[in-house]
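Residue numbers 5 to 396, in this note's numbering, belong to the letters of the sequence shown in order.
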Amino acid sequence: MAIQTDLNIIHCDLDAFYAAVEQRDNPSLKGRPVIVGGRPDSRGVVATCSYEARVYGVKSAMPLAEARRLCPEAVFLPVDMKRYGEASRQVFEIFSRFTPDIEPLSIDEAFLDVTGSLSIFGSAEKIAWDIKKAVLNEAGLIISTGISYNKFLAKLATDLGKPDGMKIIRREEATHVLSLLPVSRLWGVGTKTQQILKRMGIETIGDLAVTPPDILEKHLGQAGMFFRELAHGIDNRKVETDREVKSMGREITFDEDIDDRHQLEACLLQFSYLLGRRLRRTKLEARTVTIKVRYHDFKTVNRSKTLDGYTASSTVLYETALFLLRKLGKGRGRIRLIGLSVSNLRSFEVLEQFSLFKNESVSRSEELLDQINDRFGENTIITANLLPYREK
Ligand code: TTP
Ligand code: CA
Numbered sequence: 005m006a007i008q009t010d011l012n013i014i015h016c017d018l019d020a021f022y023a024a025v026e027q028r029d030n031p032s033l034k035g036r037p038v039i040v041g042g043r044p045d046s047r048g049v050v051a052t053c054s055y056e057a058r059v060y061g062v063k064s065a066m067p068l069a070e071a072r073r074l075c076p077e078a079v080f081l082p083v084d085m086k087r088y089g090e091a092s093r094q095v096f097e098i099f100s101r102f103t104p105d106i107e108p109l110s111i112d113e114a115f116l117d118v119t120g121s122l123s124i125f126g127s128a129e130k131i132a133w134d135i136k137k138a139v140l141n142e143a144g145l146i147i148s149t150g151i152s153y154n155k156f157l158a159k160l161a162t163d164l165g166k167p168d169g170m171k172i173i174r175r176e177e178a179t180h181v182l183s184l185l186p187v188s189r190l191w192g193v194g195t196k197t198q199q200i201l202k203r204m205g206i207e208t209i210g211d212l213a214v215t216p217p218d219i220l221e222k223h224l225g226q227a228g229m230f231f232r233e234l235a236h237g238i239d240n241r242k243v244e245t246d247r248e249v250k251s252m253g254r255e256i257t258f259d260e261d262i263d264d265r266h267q268l269e270a271c272l273l274q275f276s277y278l279l280g281r282r283l284r285r286t287k288l289e290a291r292t293v294t295i296k297v298r299y300h301d302f303k304t305v306n307r308s309k310t311l312d313g314y315t316a317s318s319t320v321l322y323e324t325a326l327f328l329l330r331k332l333g334k335g336r337g338r339i340r341l342i343g344l345s346v347s348n349l350r351s352f353e354v355l356e357q358f359s360l361f362k363n364e365s366v367s368r369s370e371e372l373l374d375q376i377n378d379r380f381g382e383n384t385i386i387t388a389n390l391l392p393y394r395e396k
């Protein structure tokens with residue numbers, strides 16, 4: 005049953021991250037002002053500080069000497085990236101239990117698009133709550149979450165709810181929540197834009213929302229239109245995952261350059277089988293298929309196709325590879341190397357753990373084939389046309 009909700013974006017951000025790791029690992033620091041960045045007599049700056057130090061006015065990027073003047077009783081600690089990196093990995097692993105659609109923003113901050121997970125977990129609120137609990141129990145850290153129907157409002161919700169927040173901004177309350185906030189809360193409004201807006205008599209987001217668009221455009225150009233949309237709670241940017249950076253591939257250099265189509269197709273068939281199998285084994289599916297051809301004169305060309313949906317099917321990979329090879333035509337004649345790769349990958353493991361989700365990008369026959377090969381060894385069963393290329 006589809007859940008009728010448009011609250012599908014969660015923004016997560018750990019509270020006072022580096023300082024919180026220090027307080028977690030040394031309980032005598034709990035409840036005390038902790039400043040991470042180095043010794044107070046060094047020339048460095050504050051990386052971050054605990055909330056206990058913030059009441060004295062200490063902030064990130066402030067010279068350490070100034071921080072000492074503001075809060076002489078604070079405990080000053082060096083930066084220990086190894087431990088923070090470890091904590092960050094632990095927290096991102098927790099996010100990945102709830103959705104594969106994660107956009108990391110920094111070491112301690114990410115957007116999660118939970119559209120596909122709502123029917124499994126119930127609601128974004130429930131997911132945010134489960135994330136907070138898991139982060140506290142397993143990583144010993146406090147994470148603030150913000151929930152809304154777009155990225156701008158989800159992040160704003162986190163910022164407004166900090167520390168230990170779990171704020172929701174619903175569509176019907178968005179303009180009201182926004183109206184009294186200063187324009188500096190709008191994504192992309194820095195000091196320069198603030199000054200321009202101030203000269204126009206615009207100080208709050210509410211002021212900006214009722215300013216006629218042509219006047220905003222006159223003073224701020226295209227950016228003015230973007231800010232106006234944000235002021236009305238509109239933000240169409242998607243959660244951008246980093247899945248496209250990953251890829252896997254196979255290639256072969258022939259002993260002698262070839263121009264036999266059947267032989268090239270057979271290589272692509274074998275690569276499709278192997279890559280499909282590797283995808284299925286690692287619980288990944290791919291959306292982009294690329295063939296690479298190096299001709300006898302070393303000229304190399306790549307041809308890619310992005311599919312309508314994700315796949316882990318060797319058959320689909322093979323069909324796409326053939327389509328790309330045919331598109332290439334005769335090219336520059338004899339071929340020295342041919343390769344096949346898949347990219348734009350995502351994990352289906354998170355969703356597959358729940359029996360509600362069935363991975364439909366793999367056919368039943370491929371599942372059976374995998375099971376037999378898993379049990380009796382690689383290549384026990386392969387498609388008939390692969391026989392001449394069977395790996396010894
Ligand atoms: P932030 O998320 O900006 O800050 P924070 O986690 O310390 O506090 P909160 O989110 O509750 O306001 O940054 C995350 C970490 O990045 C922070 O713990 C230390 C590091 N950092 C720096 O090293 N230098 C900086 O100028 C900032 C802003 C952060
Ligand atoms: Ca943070």
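Even for Gly, the Cβ is constructed at its ideal location relative to N, Cα and C.
query	result
Quick one: any contact between the region 148–167 and the region 211–230, if contact means 3 or more CB pairs under 8 Å?	no
Keeping to the same chain, check which residues put their C-beta closer than 6 Å to that of THR292; ignore five residues upstream and five downstream.	SER308, THR310, SER347, ASN348
Put ARG189 into one of helix, strand or coil per three-state DSSP.	helix
Of all the options THR257, LYS196, SER317, which has the alpha carbon lying nearest to the alpha carbon of GLU370?	SER317
In the region 158–187, which residue ranges form an unbroken beta strand (DSSP E) of at least 3 residues, counting only runs that do not cross its ends?	170–172
Taking C-beta to C-beta, are VAL214 and LEU201 nearer than 8 Å?	no
My parser needs the alpha helix (DSSP H) runs of 4 or more residues fully inside the region 61–144; what are they?	68–74, 85–100, 122–125, 128–138
Which residue's Cα is closest to the Cα of LYS196: GLY120, GLY280, LEU224?	LEU224
Under 7 Å from any heavy atom of ligand 2, does the C-beta of ASP112 make it?	yes
Would you report the Cα separation of GLU107 and PRO216, rounded to the nearest angstrom?	34 Å
Confirm, please, whether the CB-CB distance from CYS53 to PRO76 is below 8 Å.	no
Between the Cα of THR294 and the Cα atoms of SER345, LEU272, ASP261, which residue gives the shortest distance?	SER345
Take ALA290 as the anchor and find which of LYS296, TYR299, GLY280, VAL297 has the nearest alpha-carbon.	GLY280
Could you have a look at ARG338 and say whether DSSP puts it in helix, strand or coil?	coil
On the CB-based measure, 16 or more other CB atoms within 10 Å of its CB, does GLY169 come out buried or exposed?	buried
How is the alpha helix (DSSP H) around GLU323 delimited, first residue to last?	318–332
What separation, rounded to the nearest whole angstrom, lies between the Cα atoms of GLU142 and ARG93?	12 Å
Considering THR257, what are the terminal residues of the beta strand (DSSP E) in which it resides?	251–262
Can you have a look at LYS136 and say buried or exposed, based on whether 16 or more other CB atoms are within 10 angstroms of its CB?	buried
Does ARG307 come out as helix, strand or coil in the three-state DSSP assignment?	strand
Run the CB neighbour count on PHE21, radius 10 Å, all protein chains shown included, and call it buried at 16 or more, exposed below.	buried
DSSP on ILE13, reduced to helix/strand/coil?	strand
From which residue to which residue does the alpha helix (DSSP H) around THR245 run?	THR245 -> no alpha helix (DSSP H), and no H or E assigned at all.
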